[in-house]
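Just so we're on the same page, the working numbering is the position in the sequence shown counted from 1, plus 44. Even glycine gets a Cβ: it sits at the ideal position worked out from N, Cα and C. As the structure is a computational prediction, the values presented were derived from the model and not from experiment.
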Amino acid sequence: MAELIDFFAAPLTGRDGRQYVVRLHGNDRPDGRWEARLEFASLDGMVTAFSPVETTQDSRAAIADWARGLGPAFFTGALDRALQANSPTRPPVVPDGTFDNTMSRRDRAGRIGDKVIDYFRRRRVHRIPTSELFDILPYSNADIVRSLEDLERKHRLLVRMTDEGTDWIVLTADGAREAGLDMSQFVVTPAPTDPKALP
């Protein structure tokens, strides 16, 4: 069964000028080995393509290790192979091998919440536009929103806010610690306490 193994935080710009989100999918074979292919989904929603099998490894973990060594030139070549193969059909994805219809909403929100925090860790930022998560994570928007609510209300790891028409997700100090980020590297402007200082 195919499953999502990883995603790459920085979008890839293809030769066609589109930006693509890149996800790594693995599939266990009858002989016990694993094969991997890459999914490229354009941010404009117009193109989704899968590369042919890029590697075969002894285990799921070995595929993840292999992917960590990939560079921009490899991704560009894989995107070209995917577009040439013209395979826009998405294989069935079971993230982490445990996402199924029997999983409760609470468990699903917790699993997606881990992916949200991991995304902050990979990007090395403390705030991102909400739409970026919708584009990069392979879950429904409703599931992502429930997960964000859980992270905000129950765990106090982030806050959601709107600034000049853009919805943002901002890590709290606890959230930054959970993501392994040093908040001292981010400039935080405290809200003015003097009413005269307000615009």
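Put residue i into one of helix, strand or coil per three-state DSSP.
{"i": "residue 182", "result": "coil"}
{"i": "residue 216", "result": "coil"}
{"i": "residue 75", "result": "coil"}
{"i": "residue 171", "result": "strand"}
{"i": "residue 66", "result": "strand"}
{"i": "residue 245", "result": "In the structure as shown, the chain starts at 45 and stops at 243, and residue 245 therefore has no counterpart that could be examined."}
{"i": "residue 223", "result": "coil"}
{"i": "residue 196", "result": "helix"}
{"i": "residue 88", "result": "coil"}
{"i": "residue 204", "result": "strand"}
{"i": "residue 98", "result": "coil"}
{"i": "residue 162", "result": "helix"}
Consider the C-beta atom of residue i and the heavy atoms of the ligand ATP; say whether any pair is separated by less than 8 angstroms.
{"i": "residue 85", "result": "Because no ligand of any kind appears in the structure shown, any question about the ligand ATP cannot be addressed here."}
Whole angstroms are fine: how far does the CA of residue j sit from the CA of residue i?
{"i": "residue 180", "j": "residue 202", "result": "18 angstroms"}
{"i": "residue 199", "j": "residue 67", "result": "28 angstroms"}
{"i": "residue 101", "j": "residue 78", "result": "5 angstroms"}
{"i": "residue 69", "j": "residue 226", "result": "31 angstroms"}
{"i": "residue 89", "j": "residue 221", "result": "34 angstroms"}
{"i": "residue 117", "j": "residue 154", "result": "35 angstroms"}
{"i": "residue 158", "j": "residue 115", "result": "25 angstroms"}
{"i": "residue 160", "j": "residue 169", "result": "12 angstroms"}
{"i": "residue 219", "j": "residue 171", "result": "11 angstroms"}
{"i": "residue 176", "j": "residue 80", "result": "25 angstroms"}
{"i": "residue 197", "j": "residue 162", "result": "19 angstroms"}
{"i": "residue 139", "j": "residue 111", "result": "Because residue 139 sits at a pLDDT of 40, beneath the cut-off of 50, its placement in the model cannot be relied upon, and the point is left open."}
{"i": "residue 76", "j": "residue 207", "result": "50 angstroms"}
{"i": "residue 82", "j": "residue 129", "result": "12 angstroms"}
If residue i and residue j are in contact, beta carbons under 8 angstroms, what's the gap, nearest whole angstrom?
{"i": "residue 49", "j": "residue 104", "result": "6 angstroms"}
{"i": "residue 99", "j": "residue 107", "result": "7 angstroms"}
{"i": "residue 223", "j": "residue 165", "result": "4 angstroms"}
Given residue i, which residues of its chain have a CB within under 8 angstroms of its CB, disregarding the five upstream and five downstream residues?
{"i": "residue 64", "result": "55, 56, 57, 58, 84, 85, 86, 87, 91, 123"}
{"i": "residue 147", "result": "Here the model assigns residue 147 a pLDDT of 47, short of 50, so the residue's position is not dependable, and the following value carries that caveat. If we look at residue 147 and ignore the five residues flanking it on each side, its Cβ neighbours are 155."}
Please go through the same chain and pick out, in chain order, the residues whose beta-carbon is closer than 6 angstroms to the beta-carbon of residue i, but skip the five residues on each side of it.
{"i": "residue 126", "result": "84, 93, 94, 95"}
{"i": "residue 185", "result": "178"}
{"i": "residue 174", "result": "211, 213"}
Considering only residues of the same chain and omitting the five flanking positions on each side of residue i, which have a CB-CB separation below 7 angstroms?
{"i": "residue 205", "result": "212, 214"}
{"i": "residue 60", "result": "none"}
{"i": "residue 74", "result": "none"}
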